[in-house]
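Asker: Before we start, here is the structure in question, set down as structure tokens.
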Amino acid sequence: MNEYTKNVIIAAGLSLLVIAGWDYFYAFPKLEQQHQAQLAQPRPGGAQKPGAPDGRQAPAPAQQQRPPVAQKPVVKSREAVLASTARVTVDTPSIAGSISLKGGRIDDVSLKNYHETVDPKSPIIVLLSPEGSPHPYYAEAGFLTADIDGAPVLPTSDSLWTADRMTLTAAEPVTLTFDNGQGLLFKRKISVDDQYLFTIVDSIENHAAKPVTLYPYLRASRIGIPESAGYAALHEGFVGVVGESGLQELKYEKIEKEPHATKTLKGAGGWVGFTEKYWAAVLAPDQDKPFEARFSSAGAGTVKAYQADTVGEPKTILPGQTGETTARVFAGAKVVDTLDAYEAQGIKRFDLLIDWGWFYFLTRPMFRVIDSLFKILGNFGLAILAVTVLVKILFLPLANKSYQAVAKMKEIQPKIAAIKEKYKDDKHKLNTEQMELFKREKINPAGGCLPMLLQIPVFFSLYKVLVITIEMRHAPFYGWIKDLSAPDPTNIFNLFGLIPFDPTHIPVFGQFLWLGVWPIIMGVSMWVQMKMNPEPTDEIQRVAFAWMPVIFTFSLGSFASGLVIYWTWNNILSVTQQWYIMRRSGVKFELWDNLKKSFSFKKAT
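Each residue of the sequence shown is one higher than the one before, counting from 0 in numbering that gives the first Met the number 0.
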């Protein structure tokens, strides 16, 4: 192993430590800011203006708006709040929940196919909850008006709608009706597919004597910062694509740094909402018409209200006519194929709801390969092993050249040692003579670096896939690995479960005690791989390489077990490949001698 290769490995190790350090000290500590609050209730019948979905007075549409100020409510249980209002039941293959007839809100969504833990008997995931419950999170649609005098009464969050049926299924939509008593009849047809997409068709029949101009709006609201998944490589918070603005991502705490705690976007086509690790609630207005979207925050102290909303262009309905607008609301799991299908149905760049990151061009294909192998092998763990082999085959020509370069470097080690001895007091001459030697022997001293450099993006793309894709959630391997996206559940510090306590919960240094069976196997495989090469002559490098397997073992202890399995299998394949190439090249295979040396003790003199 030449100096350049050693430096690359050290750099890769330090990069990994930076990520591990971020996850340990910043991301993994759960955000304890789930506070209860309640959006200020609007006054029914009051004049409304665009950009104020809460129903209170607001400036003209062109001006920036703020969400309703959060106020600390008297919180009831989720079940009590749901029972306090009339509701339309939602029952599909993927969703269990209801729509409140008070306000016509989509505020009760649970995901039938996903459980809180790997235990199939554990509770299913609750995504949306009504206002007044411990964790309010809901979506709604409606209309605003810019009229100051003589504004019509519009349905608000307090308005009671009537329904033509009390159950919404994937096959049978529901139509809600609200009569404002002033000649405007509002009808809201809500349908849902067998996955997670609600389609809302709002129509207004104008039976009054004068025209009315209304602005359609959508909003998603939540109170308090939700519990974070705790990954540095994962975005959670505001998200959206509006027109040509590209993907917009904003953390909850970052919105406060925007002017008036509001960020505004304008364009035609797109969507906005909130995203978590595996779930999202997203608003998609009419994709053919321009709209204004905003991310905003309000509230003081520990209680914060967060809102993503859209306001469309004005729609004028003449007497005797009917105006209509269509919007969609996504509330569910971020399944790759499902999001791709919705994008094909016309929701612009909806695939970006999954945080593929800067290396989209690599991370998404990596997922597709693993998913395809899973459909063949029936296990995501086996798919990871198979994709490791495919990567090795893909880079085989480069790896062969690399190991051949390492073999040649070993052959000329005596000549390099002689040059170092001869010019030990003249570093410039030493470097010059070494380069001349490399030229004569036709050796590229950096030839061993390329496979290592290529491993880094593959490693991070697999890391990203394991962290962000719900397909990997609760995906089992064999034995004790029940979730490839979670760390190895065993731990050497409690004798792999024999002692009934969790060492990772020890204050201060507990996070360093996350060390299971697979991380230990990975560390051993890395140590064996390094023993295939002579120890570095430089003392600093020798110490760094001696400790690197230990550092990697502890660093990867809290990483997804699928990533640790990949790294272990990759080490084993690398050892096998290097042994075969060195044997063909006639270079001594030094593994056994180095292992013997490691376990031998010098006699005392």
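Yeah, the Cβ is synthetic: ideal placement off N, Cα and C, and Gly gets one too.
1) By Cβ distance below 8 Å, which residues in the same chain neighbour residue 358 in space, the five residues on each side in sequence not counted?
2) So is residue 311 buried or exposed if we call it buried at 16+ other beta carbons inside 10 Å?
3) Quick check on the burial criterion: 16 or more other C-beta atoms within 10 angstroms. Buried or exposed for residue 45?
4) Just mark residue 76 as buried or exposed, buried being the case when its beta carbon has 16 or more other beta carbons within 10 Å.
5) Whole angstroms is fine: what's the gap from residue 400's alpha carbon to residue 424's?
6) If you reduce the DSSP assignment to three classes, tell me which class residue 577 lands in.
7) Would you mind working out which of 492, 468, 129 sits nearest residue 353, comparing C-alpha positions?
8) DSSP on residue 104, reduced to helix/strand/coil?
9) Figure out for me which residue from 369, 531, 325 has the closest Cα to the Cα of residue 409.
10) Quick one: what does DSSP say residue 570 is sitting in, helix, strand or coil?
11) If I measure Cβ to Cβ from residue 160 and keep anything under 6 Å in the same chain, skipping five residues before and after, which residues do I get?
12) Please go through the stretch 429–486 and give each complete alpha helix (DSSP H) segment of 4 or more residues, from N-terminal end onward.
13) Roughly how many whole angstroms lie between the Cα atoms of residue 242 and residue 434?
14) Taking the alpha-carbon positions, what's the residue 223 to residue 297 distance?
15) Under a three-way DSSP split, which group does residue 519 fall into?
16) First and last residue of the beta strand (DSSP E) that includes residue 215?
17) By how many angstroms is the C-alpha of residue 181 removed from the C-alpha of residue 336?
18) When burial is assigned at 16 or more other CB atoms within 10 Å of the CB, is residue 579 buried or exposed?
19) Spell out the partners DSSP gives residue 328 in its beta bridges.
20) Where does residue 193 land, buried or exposed, given buried means 16+ other C-beta within 10 angstroms?
21) Confirm, please, whether the CB-CB distance from residue 87 to residue 167 is below 8 Å.
22) Between which residues of its own chain and residue 422 is the CB-CB distance below 8 Å, once the five residues before and five after are set aside?
23) I believe residue 139 touches residue 105 by the beta-carbon criterion, under 8 Å. Please report the beta-carbon distance rounded to the nearest angstrom.
24) Would you be able to state if there are at least three C-beta pairs under 8 Å between the stretch 200–211 and the stretch 243–253?
25) What's the gap between the Cα of residue 51 and the Cα of residue 232?
26) Give me the Cα-Cα distance between residue 48 and residue 152, rounded to the nearest whole angstrom.
27) Exposed or buried, what is residue 187 when buried is set at 16 or more other beta-carbons lying within 10 Å of its beta-carbon?
28) In three-state terms, what does DSSP make of residue 387?
29) Between which two residues does the alpha helix (DSSP H) holding residue 306 run?
30) Rounded to whole angstroms, what's the CA-CA distance from residue 219 to residue 253? Just pull it up for me.
31) Checking the sheet assignment: what are the DSSP bridge partners for residue 96?
32) Using the DSSP secondary-structure output, state which residues sit across from residue 205 in a beta bridge.
33) So what's residue 137 in DSSP terms, helix, strand or just coil?
34) Taking 7 Å as the line, does the beta carbon of residue 483 fall inside it for any heavy atom of the ligand ATP?
35) Measure the Cβ-Cβ separation of residue 272 and residue 347 and say whether it is below 8 Å.
Answerer: Reading from the atomic positions:
1) 456, 459, 460, 463
2) buried
3) At residue 45 the pLDDT is 33, less than 50, meaning the model places this residue with poor confidence; the figure from the coordinates comes in the next sentence. Under this definition residue 45 is an exposed residue.
4) exposed
5) 34 Å
6) helix
7) 468
8) coil
9) 531
10) helix
11) 100, 103, 175, 177
12) 449–467
13) 55 Å
14) 10 Å
15) helix
16) 211–222
17) 46 Å
18) exposed
19) 197, 282
20) exposed
21) yes
22) 428, 429, 432
23) 7 Å
24) no
25) Any reading at residue 51 must be qualified, since the residue scores a pLDDT of 42, below 50, and its modelled position is unreliable; the value itself is stated next. So the two alpha carbons sit approximately 34 Å from each other.
26) Unreliable placement is indicated for residue 48, whose pLDDT of 37 sits below 50; the coordinate value is still reported in the next sentence. Rounded to whole angstroms, residue 48 to residue 152 spans 12 Å at the Cα level.
27) buried
28) helix
29) Looking at the DSSP string, residue 306 is not in any alpha helix (DSSP H); the run it does join, the beta strand (DSSP E), is 304–311.
30) 18 Å
31) 89, 108
32) 183
33) strand
34) The ligand content of the structure shown is nil, which means the ligand ATP is not present either.
35) no
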